[in-house]
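In this note's numbering, the protein residues as written are 13 to 373.
To start, the structure itself, in structure tokens.
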């Protein structure tokens with residue numbers, strides 16, 4: 013099948029990759045990052061934690077099983093653009109589902125530009141060596157003004173954009189059956205996978221906006237709180253971490269950004285990784301159980317363990333670079349992990365953490 017669309021990705025240091033375009037004829041700017049996931053592109057593209065970012069897949073063939081709405085982690089695509097090696101235009105999947113569509117068609121409907129036919133290995137090596145950086149992506153039919161794209165990339169300061177307010181729920185949403193234990197899920201950019209795991213365990217879930225005060229959260233009479241994942245720099249959420257601390261009388265479970273905000277709530281600090289952890293194959297050591305689990309991750313910031321107060325301890329550690337992957341209060345029922353125990357399509361090694369949380373309620 014022919015394709016008249018062309019595309020280019022321009023990094024803020026001037027590096028450029030020309031290829032073929034798919035998705036929307038559009039130009040976007042964002043922080044360029046990569047994921048090592050071999051499957052689950054639909055979940056990644058709709059993950060609110062990827063808001064404001066241009067995603068690169070290291071796995072070479074993308075789109076071969078299409079997309080379906082029930083695989084989505086939110087109701088829209090969250091990335092600014094998508095960079096891949098090879099695009100499958102004739103997807104096939106044996107299972108049923110609703111809203112089946114090709115990746116190309118879904119991205120076009122969502123207004124998201126994509127590029128394929130580029131050397132993604134070279135691009136990933138660039139990110140690993142130089143670190144994540146701003147970039148601009150454009151899909152066009154005739155010519156593109158590359159100098160303008162470079163200027164767009166160089167003007168972006170990802171760390172100063174409060175992306176959480178762009179992806180968080182605008183009002184409270186309710187899931188699950190009433191009558192059981194009730195959880196307030198603070199939506200900093202929550203994935204639907206978290207909601208599904210809680211509902212599957214018989215819990216009533218109230219999803220509230222990221223700006224919800226502790227007093228407002230308590231008005232729902234929750235039995236526990238889950239602080240969700242989300243995009244961007246946790247340093248921008250000082251007020252929100254302060255409200256989270258006011259909820260310490262309840263059992264609290266933090267996931268990803270929720271882990272960082274729990275650290276900040278008790279006076280800890282966070283810092284940015286050179287190129288982050290993104291993918292479905294990250295080994296993590298559960299220190300208490302002395303057990304290694306394989307995890308899905310998507311974050312660019314981590315908690316600085318040297319700044320944690322004495323009442324908190326590190327419970328999980330990344331076996332690749334030694335960074336903090338989990339923290340817990342030594343006495344109160346409060347714990348968090350930096351990775352995604354709810355991740356789809358997996359691995360499922362850490363779903364037991366939801367059972368642990370339920371027992372605390």
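Backbone N, C-alpha and C fix where the C-beta goes; we use that ideal spot for every residue, glycine too.
_Output needed for residue 292: all residues of its chain with C-beta closer than 6 Å, excluding positions within five of it in sequence on either side, in chain order._
49 and 308
*Is the segment 178–198 in contact with the segment 223–239, if contact means three or more CB pairs nearer than 8 Å?*
yes
*Grab me the residues of residue 25's own chain with a C-beta within less than 8 Å of its C-beta, minus the 5 sequence neighbours each way, in chain order.*
142 and 145
*From the DSSP output, in three-state form, read off residue 263 for me.*
coil
*Where does residue 13 fall in DSSP's three states?*
Residue placement at residue 13 is poorly supported in this model, since its pLDDT is 45, which falls under 50; the coordinates still yield a value, given next. Coil, per DSSP.
*asked:* Just to confirm the assignment: which complete beta strand (DSSP E) runs, minimum length 3, are found wholly within the segment 179–218?
replied: 185–187 and 194–199
*Tell me the start and end of each unbroken beta strand (DSSP E) in the segment 37–66 that is at least 3 residues and wholly inside, in chain order.*
39–47
*Cβ of residue 238 within 7 Å of Cβ of residue 260?*
no
*Determine the DSSP secondary structure at residue 309, reduced to helix, strand or coil.*
strand
*Anyone know if the C-beta pair for residue 241 and residue 349 falls short of 7 Å?*
In this structure, residue 349 does not lie closer than 7 Å to residue 241 by Cβ.
*Would you tell me roughly how many angstroms separate the C-alpha atoms of residue 15 and residue 35, rounded to the nearest one?*
11 Å
_Supposed contact pair residue 67 and residue 95 - C-beta distance, whole angstroms, cut 8 Å_ = With 8 Å as the limit, residue 95 and residue 67 qualify as a contact, their Cβ atoms being about 7 Å apart.
*Look at the alpha carbon of residue 347 and the alpha carbon of residue 155, and state the distance between them as a whole number of angstroms.*
52 Å
_Beta-carbon spacing of residue 97, residue 58 below 7 Å_ = no
*Where does residue 150 fall in DSSP's three states?*
Here residue 150 sits in strand by DSSP.
*Output the distance between the C-alpha atoms of residue 201 and residue 86, rounded to the nearest integer angstrom.*
9 Å
*How is residue 171 classed by DSSP in three states: helix, strand or coil?*
Assignment of residue 171 by DSSP, reduced to helix, strand and coil, places it in the helix class.
*Minimum C-alpha distance to residue 357 - residue among 367, 306 and 37*: 306
_Let me check one thing: in DSSP terms, what residues is residue 127 bridge-paired to?_
33 and 95
*Do residue 296 and residue 341 come within 7 Å of each other at the CB atom, strictly closer than that value?*
no
*asked:* Applying the 10 Å Cβ sphere with the 16-neighbour rule, what's the burial state of residue 250?
replied: Label assigned to residue 250: exposed.
_Under DSSP, the beta strand (DSSP E) around residue 298 begins and ends at which residues?_
281–298
*Take residue 13 and list the residues in its own chain whose beta-carbon comes closer than 7 Å to its own, dropping the five residues that flank it on each side.*
Any reading at residue 13 needs caution, since the residue's pLDDT is 45, under 50, leaving its predicted position unreliable; the model's value is listed next. If we look at residue 13 and ignore the five residues flanking it on each side, its Cβ neighbours are 101.
*Hey, would you say residue 171 sits closer than 7 Å to residue 222, going by beta carbons?*
no
*Going by the beta-carbon positions, is the gap between residue 373 and residue 234 smaller than 7 Å?*
no
*alpha helix (DSSP H) containing residue 348: first to last residue?*
No alpha helix (DSSP H) contains residue 348, which is instead part of the beta strand (DSSP E) from 346–349.
_Beta-carbon spacing of residue 279, residue 315 below 7 Å_ = no
*Taking all protein chains shown into account, do 16 or more other C-beta atoms lie within 10 angstroms of the C-beta of residue 40, making it buried, or fewer, making it exposed?*
Residue 40 is buried by the Cβ-count criterion.
*Since I believe residue 63 is in contact with residue 178 (beta carbons under 8 Å), could you give me their beta-carbon distance rounded to a whole number of angstroms?*
6 Å
*If you follow the beta strand (DSSP E) that residue 324 is part of, which residue opens it and which one closes it?*
324–330
*So residue 370 is in the alpha helix (DSSP H); what residue range does that whole segment cover?*
364–372
*Would residue 285 pass as a contact of residue 253 if the rule is Cβ separation under 7 Å?*
Their beta carbons are not under 7 Å apart, which means residue 285 does not touch residue 253 by this criterion.
_Beta carbon of residue 126 nearer than 7 Å to that of residue 119_ = yes
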